[in-house]
Amino acid sequence: MAGVFSPPARLGARERTEGDGPSALARYLDEEIGKAVAKYDELWAVEDPEENPYKSKYLARALLEAAVREVEQLLPAAADDAEAERGREMLARLSLFLGKNLYFCEEVPGAERHFTRALEGYLRSPLRQDPDRFCYIQDALNQIGMLWCNRHGFSEGFNYLRRAQIMFVNRPAVVREQREERANDHYTLTMFYLAQAYGHLQKPALSARFCAETMARQLEHNSPERRSKEALERDPFDCKDWVRNCCSLSDFFASECMFWTAEYLLHAACVMCQRCGEICGLEPDGLAELHAECRRDLGALYSQRLKFSKTCAEHPGLGEDAWRGEHAKRAAETAPSEGARLTFASGEPVLWDDVFPEVVHLEDEEAQIEASQTEGPGLEGPQVEDEEAQAEGPGAGKM
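Okay, so the sequence shown: first residue is 1 according to UniProt numbering, each after it adds one.
(1) Could you pull the DSSP bridge partners for Ala-340 from this structure?
(2) Cutting at 8 Å between CB atoms, please list the residues of its own chain near Leu-64, excluding the five before and the five after it.
(3) Compare the Cα-Cα distances from Ser-125 to each of Tyr-302, Val-359, Val-350 and Ala-212 and report the closest residue.
(4) How far does the alpha helix (DSSP H) with Pro-349 in it extend, from its first residue to its last?
(5) Quick one: measure Cβ to Cβ for Gln-129 and Pro-172, integer angstroms, because I've assumed they're closer than 8 Å.
(6) Between Cys-280 and Val-243, how many whole angstroms is the CB-CB distance? I'm expecting something under 8 Å.
(7) Taking the CB atoms as reference points, tell me whether Phe-210 and Leu-194 lie closer together than 8 Å.
(8) Please confirm whether Val-360 and Ala-340 have their CB atoms less than 8 Å apart.
(9) Around the C-beta of Trp-260, are 16 or more other C-beta atoms found within 10 angstroms, so that it is buried, or is it exposed?
(10) If we call anything under 8 Å between Cβ atoms a contact, is Tyr-122 one with Ala-92?
(11) Check the C-beta distance from Leu-266 over to Ser-250 and give it rounded, since I have them as a contact under 8 Å.
(12) Nearest to Asn-184 by alpha carbon, out of Cys-135, Glu-283, Ile-144 and Ala-140?
(13) When you compare only the Cα positions, how much space is there between Arg-61 and Asn-245?
(14) Could you give the uninterrupted runs of the alpha helix (DSSP H) lying entirely in the stretch 91-148, keeping only those of 4 residues or more?
(15) Got a sec, what are the start and stop residues for the alpha helix (DSSP H) Gly-281 sits in?
(16) Between which residues of its own chain and Gly-110 is the CB-CB distance below 7 Å, once the five residues before and five after are set aside?
(17) For a test of the three-state rule: what should DSSP assign to Leu-201, helix, strand or coil?
(18) For Gly-299 and Tyr-264, I'd like the C-alpha separation in whole angstroms.
(19) Go through its chain and collect everything with a Cβ distance to Leu-189's Cβ below 7 Å, but skip five positions before and after it.
(20) Among residues of its own chain, excluding the 5 on either side of His-186, which ones have a beta-carbon nearer than 8 Å to its beta-carbon?
(21) At what residues does the alpha helix (DSSP H) containing Arg-179 begin and finish?
(22) Measuring CA to CA, which of Glu-278, Leu-290, Ala-212 and Pro-236 is closest to Ala-262?
(23) On the CB-based measure, 16 or more other CB atoms within 10 Å of its CB, does Gly-378 come out buried or exposed?
(24) What does the Cβ neighbour count give for Ala-208, buried or exposed, with the cut at 16 atoms within 10 Å?
(25) Which first and last residues belong to the alpha helix (DSSP H) in which Arg-305 is found?
(26) Among Met-90, Cys-294, His-200 and Thr-343, which has the Cα closest to the Cα of Asp-241?
(27) Beta-carbon within less than 8 Å of Gly-277's beta-carbon, same chain only, minus the 5 sequence neighbours each way: which residues are those?
(28) Using a Cβ-Cβ cut-off of 6 Å (strictly less than) and excluding sequence neighbours within five positions of residue 400, which residues of its own chain qualify?
(29) For Gly-87, name the three-state secondary structure that DSSP assigns.
(30) Could you check where the alpha helix (DSSP H) with Pro-254 kicks off and where it finishes?
(31) For Val-355, which three-state DSSP category applies?
(32) Does Thr-311 pass the burial test, meaning 16 or more other C-beta atoms within 10 Å, or should it be called exposed?
(33) From residue 436 to Pro-53, what does the alpha carbon distance come to, in whole angstroms?
(34) Identify whether His-152 lies in helix, strand or coil by the three-state DSSP scheme.
(35) How is Tyr-187 classed by DSSP in three states: helix, strand or coil?
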């Protein structure tokens with residue numbers, strides 16, 4: 001939480017008479033909030049006993065709740081519009097971190113209320129495309145989407161996660177210039193939960209796509225060049241889990257007759273098993289056995305591809321017709337919908353635009369994926385650069 005309470009950008013303020021000092025709200029935001037946050041971080045770092053596991057978290061929460069009450073009390077006497085906007089932004093930020101505190105303490109309904117309040121506050125802000133505010137909106141959408149996915153409310157979670165995806169794709173230039181890394185970190189979490197949501201919404205192709213993108217970002221983020229040795233030791237990258245995910249994704253693409261992609265994933269898993277220490281800076285136990293499983297899966301994939309090739313040779317066009325027919329059937333079964341809307345209990349209107357749309361559709365992304373897949377066999381995929389991995393079987397990288 002440290003560092004998240006830096007002063008935000010200001011609106012154009014009305015002129016104040018010379019000699020006017022800062023108002024009570026400005027003094028509190030400039031002088032007291034930082035002290036409360038420092039104390040909060042100290043309490044959050046405390047390891048509580050098992051018999052009272054949230055003791056320090058409750059004390060830390062009380063600090064944020066006191067700060068909320070103080071800002072709410074001082075806000076009506078704000079000196080100008082800029083100062084009032086600054087106070088409202090602080091209330092939204094405090095609500096966001098109160099929600100995280102409550103969620104950590106397993107108080108999910110209270111966490112949801114705070115997350116929703118934070119999201120509404122930021123979406124109503126005229127400065128919502130300011131880089132810091134933009135990233136807090138991403139965070140709030142991810143938190144609510146994650147909360148609903150963990151409740152198995154995947155349709156509700158999708159409503160928030162899809163918005164986080166859209167706003168990242170359409171992020172303004174100032175965010176790209178000043179907060180690109182932070183926005184990308186939030187987007188990685190967005191894709192992770194979108195993969196889960198699409199899987200439970202019976203959209204396996206979309207689920208596979210977001211799972212693959214999450215894994216690629218995960219690998220890049222955990223490379224020794226991106227993270228210090230101390231950070232890797234404190235929060236190690238589970239490369240064995242990453243390898244297993246590659247194998248699971250490979251099974252999906254093999255079932256779709258996308259053999260080049262399935263093979264590429266298994267080669268990537270083999271490369272990770274062989275060079276885990278070099279790629280991730282650590283080498284866990286059991287990699288040899290896992291590598292043997294990957295090679296076994298490669299053998300099974302080659303057998304499946306040979307059977308498919310034999311069928312195509314004996315019955316030209318049958319395999320492709322069956323493949324295209326299955327995708328056409330799947331597209332026809334996608335019923336149109338009115339999309340998902342976002343509303344708040346206050347009922348006050350929100351200004352919607354391309355970055356923050358009022359309605360989001362699953363069909364938008366579905367149409368894009370189906371269009372790319374119906375190009376069919378023969379698409380070229382990324383090549384495995386590791387020579388040993390390429391030597392493990394024929395036709396690496398292509399169908």
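C-beta: ideal position from N, C-alpha, C; glycine also.
Predicted, not measured: the structure shown is a model, and the values here were computed from it.
In this structure, then:
(1) Val-360
(2) Ala-36, Tyr-40, Leu-94, Phe-97, Leu-98 and Asn-101
(3) Residue Val-350 is the option with its Cα nearest to Ser-125.
(4) Looking at the DSSP string, Pro-349 is not in any alpha helix (DSSP H), and its letter there is neither H nor E.
(5) The Cβ separation is near 5 Å, so the contact holds.
(6) About 11 Å separates the two Cβ atoms, so there is no contact after all.
(7) yes
(8) yes
(9) buried
(10) yes
(11) Contact check for Leu-266 and Ser-250: beta-carbon distance about 5 Å, within the 8 Å limit, so the pair qualifies.
(12) Cys-135
(13) 37 Å
(14) 108-123
(15) First-last for Gly-281: undefined, no H or E at that position.
(16) Leu-102
(17) coil
(18) 13 Å
(19) If we look at Leu-189 and ignore the five residues flanking it on each side, its Cβ neighbours are Asn-142.
(20) Cys-135, Gln-138, Asp-139, Asn-142, Ala-164 and Phe-168
(21) From DSSP, Arg-179 is part of no alpha helix (DSSP H); its letter is neither H nor E.
(22) Ala-212
(23) For Gly-378, the predicted structure reports a pLDDT of 34, less than 50, and the residue's modelled location is therefore unreliable. A value from the coordinates is still provided. Around the beta-carbon of Gly-378, fewer than 16 other beta-carbon atoms lie within 10 Å, marking it exposed.
(24) buried
(25) Arg-305 -> alpha helix (DSSP H) spans 287-314.
(26) Cys-294
(27) A distance below 8 Å between beta-carbons, with the five flanking residues on each side excluded, links Gly-277 to the following residues of its chain, in chain order: Glu-283.
(28) Any answer about residue 400 is impossible in this case: the structure gives the chain only from 1 up to 399.
(29) helix
(30) The amino acid occupying residue 254 in the given sequence is Ala; Pro does not appear at that position. Start and end: 239-255.
(31) In the structure shown, Val-355 sits in coil (DSSP, three-state: anything other than H, G, I, E or B).
(32) Classification of Thr-311: exposed, given that the 10 Å Cβ count is below 16.
(33) It is not possible to answer for residue 436, since the shown part of the chain is limited to 1 through 399.
(34) Residue state, collapsed to three classes: coil.
(35) helix
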